[in-house]
Amino acid sequence: MIKKLILSGIILFILLSIQQVDACSTFCLKDSKSIVFGRSYDWNIGYGYMMTNLRNVKKTRFLPYDEKLTTWTSKYGSVTFNQYGKEYPIGGMNEMGLVIDVMTLKDTYYPNPDERSAIDELGWVQYQLDNSASIQDVIESNITIRISNKTFVKLHFLVSDASGRTLAVEFLNGVATFHYDENLPYKCLTNSTYDNSLTYLSNHIGFGGETPVDYQNHISANSLERFAICADMLNKYKEDINTSIIDYSFDILNNVKDEVRSQFQIVYDLKNKEIHFRSLQSSNIKTVNLSSFDFDCTSKPMMIDVNTTFDGNIFNKFSQYDSTANRELIIKAYRETGIKLPENIILKIARWPENITCSQ
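What follows is the structure, encoded as structure tokens:
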């Protein structure tokens, strides 16, 4: 039964990949006091929840084919953005200040089967938030787990930790590629490979070339120009300006967003473990601090609609996770994406997180 359920999920992801819109942007910005991570999620639907994920929870990621499954117990609690159900995050931050977000990349080819255990692409995101405190942890996880090449959403990832180190993870020709430190001179990622983005950037003023960065050309199809805008704004940031680093990060997001499909704008404060965000449907900035949450596995996970109309600190507006709300989210999101799933499958997807066990 579980395999049938997960198979339905894989079919869903196949369909999603066919319709995928390539218009997401991420970056990391650091000054003497702060480290922030910005993310523009540009997609054709705007439903979603912020959800908490607990530590000391045992999980096994099921796959509908004959591969070695990945089992782990979460070390860290996290807050994630989920659009297609709990445990399938599009990004988030854990209590150690590690942030990870996804973007589509058409050039992605995941590794072929080997001795490592396998996991799906969004499960990989949750695995890293559950287990990684630094980008080094993420890199080292490649020794023991891999994203199965039988999954179908082609993604690459930007990761930052509380020390300010940033990592771009790509899977090219079946091999994991890591850009960090001196190999990541500009801490941005859009929907092109990092190497291709650097090559394009080198044609521009301030980066070795003679072409001005075109701030009028941040349409959803132009991944390379969005990368150039992002890198240019990171270069121009000055700590002594009157604009806070959080506000400046939202300015960057405004300059790389798709005017119609920029559903979520998120700024993570890695040192203070805060998340600031707004949505297309609710433009007021909301804030949550991870220290407010109880991530012990004996507690209840929490959730809140990303389109809540409240602003400021919204911690007290969170409610306990329930499968009914999760199911309603799934129904809305899938229908808006043009995907139809039987009601009984949706119900099982919504209830699956309730079967995760506390190892305490």
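Quick note on my numbering: the sequence shown kicks off at 4 and runs consecutively.
Ideal Cβ placement from N, Cα and C applies to all residues, glycine included.
Contact check, residue i vs residue j, beta carbons under 9 Å
i	j	result
Y271	M96	yes
I93	A336	no
M305	N329	no
T83	T63	no
S120	E70	yes
V105	F160	yes
C27	N292	no
K89	T76	no
N152	N115	yes
L101	L273	yes
T107	L158	yes
Residues near residue i by beta carbon distance below 8 Å, same chain, minus five either side
i	result
D254	M236 and T246
I14	Low confidence applies here, because I14 scores a pLDDT of 44, under 50, leaving its location unreliable; read the following figure in that light. Result list for I14: empty, nothing under 8 Å.
T311	S285, K289, I317 and K320
K303	Q323 and Y324
I148	T73, R119, S120, A121, I122, W127 and Y130
Range covered by the beta strand (DSSP E) that runs through residue i
i	result
T202	Note, T202: premise wrong, no beta strand (DSSP E); alpha helix (DSSP H) at Y197 to L204.
A171	T169 to L175
G41	I38 to D45
S64	Position check: residue 64 holds Arg in this sequence, whereas Ser was assumed. Start and end: V60 to R64.
T292	Here the sequence assigns Asn to residue 292, which means Thr is not the residue at that position. K289 to N292 is the span of the beta strand (DSSP E), which, as asked, contains N292.
K274	Here K274 belongs to no beta strand (DSSP E), and DSSP marks it neither H nor E.
T55	Y52 to N56
C31	S28 to K33
F313	Premise fails: F313 is in no beta strand (DSSP E) and is neither H nor E.
F160	L158 to S163
I148	I148 to I150
Y183	V178 to Y183
D308	M305 to D308
Spatial neighbours of residue i in its chain, beta-carbon cut-off 7 Å, leaving aside the 5 residues before and after
i	result
D110	L175 and T196
Y366	Missing from the structure shown is residue 366; the chain here goes from 4 to 363 and no further.
E357	S326
K33	G167
L125	Y91 and P92
D308	Y52
G80	T55, N56, L57, R58, N97, E98, F296 and F298
I333	Y87, G88, I349, I352 and A353
G212	S205 and N206
Residue interval of the alpha helix (DSSP H) (run including residue i)
i	result
M236	S226 to K239
G126	E124 to N134
V141	I138 to S144
A414	This structure does not reach residue 414, given that the chain is present from 4 up to 363, and the question cannot be answered.
Y251	I248 to V259
Residues near residue i in its chain [Cβ-Cβ closer than 6 Å; skip 5 each side]
i	result
S20	With a pLDDT of 43 at S20, under the threshold of 50, the predicted position of this residue should be treated as unreliable, and no value is reported.
F296	T55
Y87	A336
Q22	With a pLDDT of only 41 at Q22, under the threshold of 50, the placement of this residue in the model should not be trusted, and no figure is reported.
M4	Caution is warranted here: a pLDDT of 46 is assigned to M4, below 50, making its placement in the model unreliable, and no coordinate value can be reported.
I231	Reading off the sequence, residue 231 comes out as Ala, not Ile. Excluding residues within five positions, the ones whose Cβ falls inside 6 Å are L204, H207 and V216.
Q268	S43, L256 and R281
Y189	A234
F210	L204
Integer Cβ distance of residue i from residue j, believed to fall under 8 Å
i	j	result
F298	E98	6 Å
T301	C361	6 Å
H279	I248	Their Cβ separation, rounded to whole angstroms, is 11 Å, which puts H279 and I248 out of contact at 8 Å.
I122	T73	4 Å
K276	S265	At roughly 25 Å, the Cβ-Cβ gap does not stay under 8 Å, so K276 and S265 are not in contact.
I103	V162	5 Å
heavy atom of the ligand HEM below 8 Å from residue i C-beta
i	result
S205	Ligands in the displayed structure: none, and consequently the ligand HEM is not present.
Of all the beta strand (DSSP E) runs that stay within the bounds of the segment 71 to 115, which reach a length of 3 or more residues? 73 to 76, 81 to 85, 92 to 97 and 102 to 107
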